[in-house]
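To keep things clear, I will list the structure first and then write my remarks on it.
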Amino acid sequence: MVAADCTGHGVSGALMSMLGMSLLNQIVNGHGITQPSLILDQLHSAVVDALKQSENNSREGMDIAICRFDAQRKTVQYSGANRPLWIIRNGELIISPADKMPVGDFQLDTRTPFTNHIIPLQSGDRIFMFTDGFADQFGGMLGKKLMTKKIKEFLVQFSAIPMNQLGEKLQSYFNNWKGDQEQVDDVLFLGLKTAD
Numbered sequence: 063m064v065a066a067d068c069t070g071h072g073v074s075g076a077l078m079s080m081l082g083m084s085l086l087n088q089i090v091n092g093h094g095i096t097q098p099s100l101i102l103d104q105l106h107s108a109v110v111d112a113l114k115q116s117e118n119n120s121r122e123g124m125d126i127a128i129c130r131f132d133a134q135r136k137t138v139q140y141s142g143a144n145r146p147l148w149i150i151r152n153g154e155l156i157i158s159p160a161d162k163m164p165v166g167d168f169q170l171d172t173r174t175p176f177t178n179h180i181i182p183l184q185s186g187d188r189i190f191m192f193t194d195g196f197a198d199q200f201g202g203m204l205g206k207k208l209m210t211k212k213i214k215e216f217l218v219q220f221s222a223i224p225m226n227q228l229g230e231k232l233q234s235y236f237n238n239w240k241g242d243q244e245q246v247d248d249v250l251f252l253g254l255k256t257a258d
């Protein structure tokens, strides 16, 4: 499962999205790499090469979170480039932090390999990955950003309702927050629940 947010808007954003999809397919399906951190390492190198970022000032890239689920071991492997993984378990929020670096952007001076997290799963866990568009939306009474704190509180508050209802509530919450404000960014919010 992948949640990705490419830099740029319009044509440049669309081209980056197409490049990212193509490279992900090549890495996973072509080369058989399935460990999330290794996928991100390979993706970073491929983006830098494809855009010749070592030769120019291109800062294009993406923030991305990748999960690989193992049903037999009841685990999820996760790695993130500026995008965390959230798990709601028994009404409490567990955060697996992302590495604070994007995929792409050769200009970054200190780059280390991406971290691979292996997280044991329990029955009824709710797993969320998302882009920054939801939290960055302006709205509310004062026209300010929504921010992740409010999203955390929302997910914990409604952690007992069925996932399809949660999705509907999340959509309504976003629309109510946004009100008459223009949507500032694209929004992707993925959620799934392990079997009870």
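Sequential numbering of the sequence shown, starting at 63, is according to our numbering. Where is the CB? At the ideal position from N, CA and C, for every residue including glycine. From a predicted model like this one, the values you see are computed outputs, not experimental measurements.
Task: For Asp125, the nearest candidate out of Tyr235, Ala143 and Asp187 (CA to CA) - done: As a working note, residue 125 is residue 63 in the sequence shown. Checking every option, the nearest Cα to that of Asp125 belongs to Ala143.
Open item on the list: Do Gln104 and Asn178 count as a contact pair if the criterion is CB distance below 7 Å?
Closed with: Reading the sequence shown from its first residue, position 116 is the one you call residue 178. Reading the sequence shown from its first residue, position 42 is the one you call residue 104. Their beta carbons are not under 7 Å apart, which means Asn178 does not touch Gln104 by this criterion.
Task: Cβ separation of Ala257 and Ser141, assumed to be a contact under 8 Å, to the nearest whole Å - done: The residue given as residue 257 occupies position 195 in the sequence shown. The residue given as residue 141 occupies position 79 in the sequence shown. Not quite, the Cβ-Cβ distance comes to about 24 Å (not below 8 Å), so this is no contact.
Open item on the list: Can you confirm whether the stretch 234 to 247 touches the stretch 188 to 203 when touching is taken to mean that 3 or more C-beta pairs between the two stretches lie within less than 8 Å?
Closed with: yes
- [ ] Could you work out which residue in Gln88, Arg135 and Met78 is closest to Gly123 when comparing CA atoms only?
- [x] Position 61 of the sequence shown holds residue 123. Cα-wise, what sits closest to Gly123 is Met78.
Open item on the list: In the DSSP output, which residue or residues are listed as bridge partners for Ala66?
Closed with: Counted from its first residue, the sequence shown places residue 66 at position 4. BP columns for Ala66 point to Ile126.
Open item on the list: Once the 5 residues before and after Lys207 are set aside, which same chain residues still bring their CB inside 8 Å of it?
Closed with: To locate residue 207, count along the sequence shown from 1; it is residue 145. Within the same chain, Lys207 has close Cβ partners Ala197, Asp198, Gln199 and Phe200.
Task: Check whether Leu254 and Ile189 have beta carbons under 7 Å apart - done: As a working note, residue 254 is residue 192 in the sequence shown. As a working note, residue 189 is residue 127 in the sequence shown. Yes, the pair counts as a contact, with Cβ atoms nearer than the cut-off.
TODO: Leaving aside the five residues before and after Leu183 along the sequence, list all residues of the same chain whose C-beta is less than 7 Å from its C-beta, in chain order.
DONE: As a first step, residue 183 must be located in the sequence shown, where it is residue number 121. So the list reads Lys136, Thr137, Val138 and Thr256, once near-sequence residues are dropped.
Task: Burial state of Gln115, where buried means 16 or more other Cβ atoms lie within 10 Å - done: For the purposes of this step, residue 115 is taken as the residue at position 53 of the sequence shown. By the 10 Å Cβ count, Gln115 comes out buried.
- [ ] Look at the Cβ atom of Val249, then the Cβ atom of Gly195, and state whether they are nearer than 7 Å.
- [x] Taking the first residue of the sequence shown as 1, we reach residue 249 at position 187. Taking the first residue of the sequence shown as 1, we reach residue 195 at position 133. Against a cut-off of 7 Å, the Cβ pair of Gly195 and Val249 comes out as a contact.
- [ ] Note down, in chain order, each residue of its chain lying with its Cβ closer than 7 Å to the Cβ of Ser99, except the 5 sequence neighbours on either side.
- [x] As a working note, residue 99 is residue 37 in the sequence shown. Closer than 7 Å at the Cβ level, and outside the excluded window around Ser99, lie Ser141, Pro175, Phe176, Thr177 and Asn178.
- [ ] Rank Leu155, Met163 and Asp247 by C-alpha distance to the C-alpha of Gln219 and give the top, closest one.
- [x] Taking the sequence shown and counting its residues from 1, the one referred to as residue 219 is at position 157. Among Leu155, Met163 and Asp247, the Cα nearest to that of Gln219 belongs to Leu155.
- [ ] Consult DSSP for Lys136 and reduce its assignment to one of helix, strand or coil.
- [x] Taking the sequence shown and counting its residues from 1, one reaches residue 136 at position 74. Lys136: coil per DSSP, three-state reduction.
Task: Helix, strand or coil at Leu155 [DSSP, three-state] - done: Counted from its first residue, the sequence shown places residue 155 at position 93. In the structure shown, Leu155 sits in a strand (DSSP, three-state: E or B).
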